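S.K.: Using our numbering, you'd call the opening residue of the sequence shown number 15 and step up by one each time.
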Amino acid sequence: MSGYSVFETDILVIGTGGGVPAALAASEAGADVVIVDKGVFGKSGSTRSSFGMVAGCVIPPDNQDIFFEDMIRGGGYLNNRKLARIFVNEIARGVIFPGLEERGVGFDREDGNLILKKPAGHSYPRCVMASVYNALKIWRVLIRQTLQLNVEVLDEVMVTTLLPIQVE
Ligand SMILES: Cc1cc2nc3c(=O)[nH]c(=O)nc-3n(C[C@H](O)[C@H](O)[C@H](O)COP(=O)(O)OP(=O)(O)OC[C@H]3O[C@@H](n4cnc5c(N)ncnc54)[C@H](O)[C@@H]3O)c2cc1C
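Encoded structure:
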């Protein structure tokens, strides 16, 4: 077809932000990954301008059910409950936040201990903060590591339609 390019991939990630760690994880697991973003890769979206506070720890008497309830209440009961449940379970298993530290992101500590904050809506302190190593620096680590992998990036491309096809 003239005027069209055809890309084949295992995983198509539309939008960066949360899409970047998803693309990283998929690529590291061996999948072919294509990222499409309507903006400039690494510069669009709200993730890069966030404050760098990550709800990353569940420490007793806190647990994932309390965290889940906080999240659903905070989301005005509109959340996708299945995704929210995966999120809190992954945090309780220690997957998300230590994963960022392993990637080289530093979070605020005092005498070696993580400083935990309790922002509005949370029943317990469970948020780590990258105030020195702020959100933009977290973002740059993830972007750099994505670019080092075999991830195809198509930026300044807006997705308007998804055409499902039957795969034989
Ligand atoms: C000032 C501020 C501070 C914040 N601080 C924190 C904080 O400290 N901690 C915290 O947890 N949260 C914080 N948040 C909230 C957090 O930043 C967002 O919830 C999160 O970044 C949303 O991620 P996302 O991937 O859904 O969206 P985004 O990061 O906005 O990414 C969406 C991407 O999709 C692309 N896109 C959209 N439509 C299309 C299309 N049709 N085709 C192609 N590409 C498309 C966009 O270009 C964009 O790059 C903050 C938010 C703001 C605004």
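We treat Cβ as the ideally placed atom computed from N, Cα and C, and that holds for glycine.
Here the structure is a predicted model, which is why all the values come from computation and not from measurement.
Who are the Cβ neighbours of V102 in its own chain at under 6 Å, not counting the five residues just before and after it?
M.R.: Cβ within range, chain order: Q78, F81 and F82.
S.K.: Taking the straight line between their C-alpha atoms, what separation do you get for K57 and L114?
M.R.: If you draw a straight line from the Cα of K57 to the Cα of L114, it comes to about 20 Å.
S.K.: May I ask which residues mark the beginning and end of the alpha helix (DSSP H) holding D125?
M.R.: No alpha helix (DSSP H) holds D125; DSSP gives it neither H nor E.
S.K.: In terms of alpha-carbon separation, which member of I49, Y18, V34 and G17 lies closest to D24?
M.R.: I49
S.K.: Looking at C-alpha atoms only, which residue of T174, Q180 and V181 is the closest neighbour of I28?
M.R.: T174
S.K.: Hey, how far is the Cα of G59 from the Cα of E124?
M.R.: 32 Å
S.K.: So, with DSSP's three-state summary, where would you put L38?
M.R.: helix
S.K.: Just verifying my parser: in three-state terms, what is the DSSP assignment at L168?
M.R.: strand
S.K.: Should the segment 161-178 be regarded as contacting the segment 39-48, the criterion being three or more beta carbon pairs within less than 8 Å?
M.R.: Segments in contact, yes.
S.K.: Distance, Cα to Cα, I179 vs V20?
M.R.: 15 Å
S.K.: Check the C-beta distance from G70 over to G135 and give it rounded, since I have them as a contact under 8 Å.
M.R.: G70 to G135, Cβ: 15 Å. No contact.
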